[in-house]
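Here the structure comes first, spelled out in structure tokens, and everything after it is commentary.
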Amino acid sequence: MKILVINCGSSSLKYQLIDSEAEQVLAKGLCERIGIEGSMFTYQKAGCDKVVTQIDQPDHKKSISIVLEALTNKENGVIADLSEIGAVGHRLVHGGEEFAASTLITDEVIKVVESCNDLAPLHNPANIIGVNACRELMPETPMVGVFDTAFHQTMPAEAFIYGIPYEYYKKDKVRKYGFHGTSHAFVSKRTAEILGLDYDKAKIIVCHLGNGASICAVDGGKSVETSMGLTPLMGLVMGTRSGEIDPGVMEYLGKKENMSFEEIMTMLNKKSGILGISGISSDFRDIDAAIEDGNEQAKLAKDVFVHRVASYVGAYIAVMNGVDAIVFTAGVGENDPGARAEIIEHFGYVGAYIDAEKNNVRGKEAVISTDDSKVKVLLVPTNEELMIARDTKAIVDGLNK
Ligand code: ADP
7 MKILVINCGS
17 SSLKYQLIDS
27 EAEQVLAKGL
37 CERIGIEGSM
47 FTYQKAGCDK
57 VVTQIDQPDH
67 KKSISIVLEA
77 LTNKENGVIA
87 DLSEIGAVGH
97 RLVHGGEEFA
107 ASTLITDEVI
117 KVVESCNDLA
127 PLHNPANIIG
137 VNACRELMPE
147 TPMVGVFDTA
157 FHQTMPAEAF
167 IYGIPYEYYK
177 KDKVRKYGFH
187 GTSHAFVSKR
197 TAEILGLDYD
207 KAKIIVCHLG
217 NGASICAVDG
227 GKSVETSMGL
237 TPLMGLVMGT
247 RSGEIDPGVM
257 EYLGKKENMS
267 FEEIMTMLNK
277 KSGILGISGI
287 SSDFRDIDAA
297 IEDGNEQAKL
307 AKDVFVHRVA
317 SYVGAYIAVM
327 NGVDAIVFTA
337 GVGENDPGAR
347 AEIIEHFGYV
357 GAYIDAEKNN
367 VRGKEAVIST
377 DDSKVKVLLV
387 PTNEELMIAR
397 DTKAIVDGLN
407 K
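Okay, so the sequence shown: first residue is 7 according to the working numbering, each after it adds one.
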């Protein structure tokens, strides 16, 4: 079955057409600046160069119609007509406590996702716009929603309840939800396969270190702890997000700098993290270059990042009372051997040791610990789109039974 995977944001849309039997990408690309002047469309057929064109995209429906046109285009397309697309898999960010697994999208499901909009005001409404645009253009094609939060619904209450009055959980659903669930699920499962471990018994810590970053403790195939919270602002120091801070900072700065809540939230989401500490960039490549040039603030940003990751990994070893494997994924995790080595240096006490030569690898699956390392350390590139395609196929296959 050919599955179209859609990841729709407020002004951008990423897509991949995946052959789910061969698990191969047939074509992929990106719509950018949707609803903004100068919209761009990128299309890349497998094995060919990217084609970038400027095409007006006043709304998401137009963007999706351009994607469908490109996929069926006589010269450069990969399918003859839309009936070849067996299903569409949508990345949906927040499913609250309503969705612990991927689900067939119905009118009822859309209503429930909408009820979670307050929890993810930047993401959920945009995701739903993408779903509705696809449903209009492909009314007969089954659509499946795959939630970033779903994998973490197995967390026990002691991990997800905040230390604030319980009524705010009951009334307003304030709790830890966690994100990047599709990536944590994919990477932890793949890790068990690579190491020949029984996934239902293994203790795996996944470090998803990208521009947004989170860590997940996966015990017996289930998320039992993760570093993001009610929102993706919590936990690690990220590209531009602060991660964990004392909530008292907000009132203190609000008064001292005369900042509104909105200004404080913008500062914490967009001007903090690696960018905020270094004063240079949110991109680790720029930070590494600045460190080479002797920039101390860049060095501090990286040290804070590594320290925070190590603190969480250490905590999660305690949560699971042990660990079989620590895995790195996403932009930084897949491409920065230096950061991986510095993080793992903290875990000699559990018997985790990096092999410098094996660690000199980027963007491909590898065991990077020494042969005698008791705890295995791995690099496993994430593939959220493939995971979405797999879930979509499983649900659509179930319908046809
Ligand atoms: P997201 O999906 O959250 O936007 P990614 O997983 O694509 O993020 O990660 C993006 C980040 O990965 C970049 O900001 C950059 O800091 C980091 N990155 C990418 N390539 C490298 C590299 N070669 N060395 C160090 N960091 C890298």
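Even for Gly, the Cβ is constructed at its ideal location relative to N, Cα and C.
(request) Could you tell me whether any non-hydrogen atom of ligand 1 is closer than 6 Å to the CB of V329? (result) Flag unset: Cβ of V329 not near ligand 1.
(request) Compute the Euclidean distance between the alpha carbons of G279 and H158, then round it to the nearest angstrom. (result) In a straight line, the C-alpha of G279 is about 24 Å away from that of H158.
(request) For F105, collect the residues of the same chain with a Cβ closer than 7 Å to its Cβ; drop the 5 residues on either side in sequence, then sort them by chain order. (result) Answer for F105: F153 and A156, listed in chain order.
(message) Starting from D309, trace the alpha helix (DSSP H) in both directions and tell me its first and last residue.
(response) E302 to M326 is the extent of the alpha helix (DSSP H) around D309.
(message) Quick check: is any heavy atom of ligand 1 less than 6 Å from the C-beta of N341?
(response) Checking every heavy atom of ligand 1 against the Cβ of N341, one is found closer than 6 Å.
(message) At a cut-off of 6 Å, would you count V118 as near ligand 1, judging by its Cβ distance to the nearest heavy atom?
(response) Result no, Cβ not under 6 Å from ligand 1.
(request) Jot down the residue ranges of each uninterrupted alpha helix (DSSP H) in the region 51-91, minimum 4 residues, whole runs only, in chain order. (result) Counting only runs of 4 or more, we get 66-78.
(request) Have a look at the DSSP bridge pairing and note the partners of E298. (result) Per DSSP, none; premise fails for E298.
(message) Quick check: is any heavy atom of ligand 1 less than 6 Å from the C-beta of N217?
(response) Yes, Cβ of N217 sits closer than 6 Å to a heavy atom of ligand 1.
(message) For V58 and I210, I'd like the C-alpha separation in whole angstroms.
(response) Looking at the two C-alpha atoms, the distance is approximately 40 Å.
(message) So, at 6 Å on beta carbons, what are the nonlocal neighbours of A219 in its own chain, with the 5 sequence-adjacent residues on each side left out?
(response) Hits under 6 Å: L242 and M244.
(request) Please name the residue, chosen from P387, I12, T335 and V224, that lies closest to R141 on a Cα-to-Cα basis. (result) Its Cα nearest to that of R141, the residue I12 stands out among P387, I12, T335 and V224.
(request) Could you check if F311 is buried or exposed, using at least 16 other CB atoms within 10 Å of its CB as the buried criterion? (result) It is buried - the Cβ of F311 has at least 16 other Cβ atoms within 10 Å.
(request) Buried or exposed for K51, please, with buried defined as at least 16 other CB atoms from any protein chain shown within 10 angstroms of its CB. (result) By the 10 Å Cβ count, K51 comes out buried.
(request) Taking 7 Å as the cut-off, decide whether the C-beta atoms of N79 and V99 are in contact. (result) It is not a contact, given that the beta carbons lie outside the stated cut-off.
(request) Using three-state DSSP, classify H352 as helix, strand or coil. (result) Note: H352 maps to helix in three-state DSSP.
(message) Nearer than 6 Å: is that true of the beta carbon of F290 relative to any heavy atom of ligand 1?
(response) Distances taken from the Cβ of F290 to the heavy atoms of ligand 1 include one shorter than 6 Å.
(request) Output the distance between the C-alpha atoms of M240 and I85, rounded to the nearest integer angstrom. (result) Cα to Cα, the separation comes out at about 42 Å.
(request) Leaving aside the five residues before and after Q22 along the sequence, list all residues of the same chain whose C-beta is less than 7 Å from its C-beta, in chain order. (result) Listed in chain order, the non-local C-beta contacts of Q22 below 7 Å within the same chain comprise V11, V31, K34 and E391, local neighbours out to five positions each way being set aside.
(message) Is G245 a contact residue of ligand 1, with contact defined as CB to any heavy atom under 6 Å?
(response) Result yes, Cβ under 6 Å from ligand 1.
(message) On the criterion of 16 or more Cβ atoms from any shown chain inside 10 Å, does V255 qualify as buried, or is it exposed?
(response) Classification for V255: exposed.
(request) Determine, using beta-carbon pairs with one atom in the region 382-397 and one in the region 185-204, whether at least three such pairs fall under 8 Å. (result) Enough Cβ pairs lie closer than 8 Å, so yes.
(request) Going by DSSP, name the residue or residues bridged to T335. (result) According to the DSSP secondary-structure assignment, T335 is paired through a beta bridge with H214.
(request) Report yes if the C-beta of V338 is less than 6 Å from at least one heavy atom of ligand 1; otherwise report no. (result) Yes, Cβ of V338 sits closer than 6 Å to a heavy atom of ligand 1.
(message) Whole angstroms are fine: how far does the CA of S317 sit from the CA of Y355?
(response) For the pair Y355 and S317, the Cα-to-Cα distance works out to about 14 Å.
(request) From the DSSP output, in three-state form, read off V137 for me. (result) Here V137 sits in helix by DSSP.
(request) Return the CA-CA distance between E348 and S229, expressed in angstroms with no decimal places. (result) Their backbone Cα atoms lie some 25 Å apart in a straight line.
(message) Tell me which residues share the same chain as I293 and place their Cβ nearer than 7 Å to its Cβ, disregarding the 5 neighbours each side in the sequence.
(response) Excluding positions up to five away in sequence, the list reads I280, S284, I286, S287, A304, A307 and K308.
(message) With H, G and I counted as helix, E and B as strand and the rest as coil, what does DSSP make of A208?
(response) In the structure shown, A208 falls within a coil segment according to DSSP collapsed to helix, strand and coil.
(message) Applying the 10 Å Cβ sphere with the 16-neighbour rule, what's the burial state of S26?
(response) Label assigned to S26: buried.
(request) Indicate the three-state DSSP secondary structure (helix, strand or coil) for E173 in the structure shown. (result) Three-state result, E173: helix.
(request) Please classify G235: is it buried, with 16 or more other beta-carbons within 10 angstroms of its beta-carbon, or exposed? (result) Around the beta carbon of G235, a 10 Å sphere encloses 16 or more other beta carbons of the protein chains shown; the residue is thus reported as buried.
(request) Taking only the alpha-carbon atoms, compute the straight-line gap between K382 and I332 and give it to the nearest angstrom. (result) Rounded to whole angstroms, K382 to I332 spans 6 Å at the Cα level.
(request) For the beta strand (DSSP E) containing K34, list its first residue and its last residue. (result) Unbroken beta strand (DSSP E) run through K34: Q30 to E38.
(message) Taking only three categories from DSSP, how would you classify S229?
(response) Here S229 carries a strand assignment [DSSP, helix/strand/coil].
(message) Check for me: the alpha helix (DSSP H) holding G260 runs from which residue to which?
(response) First-last of the alpha helix (DSSP H) with G260: G254 to K262.
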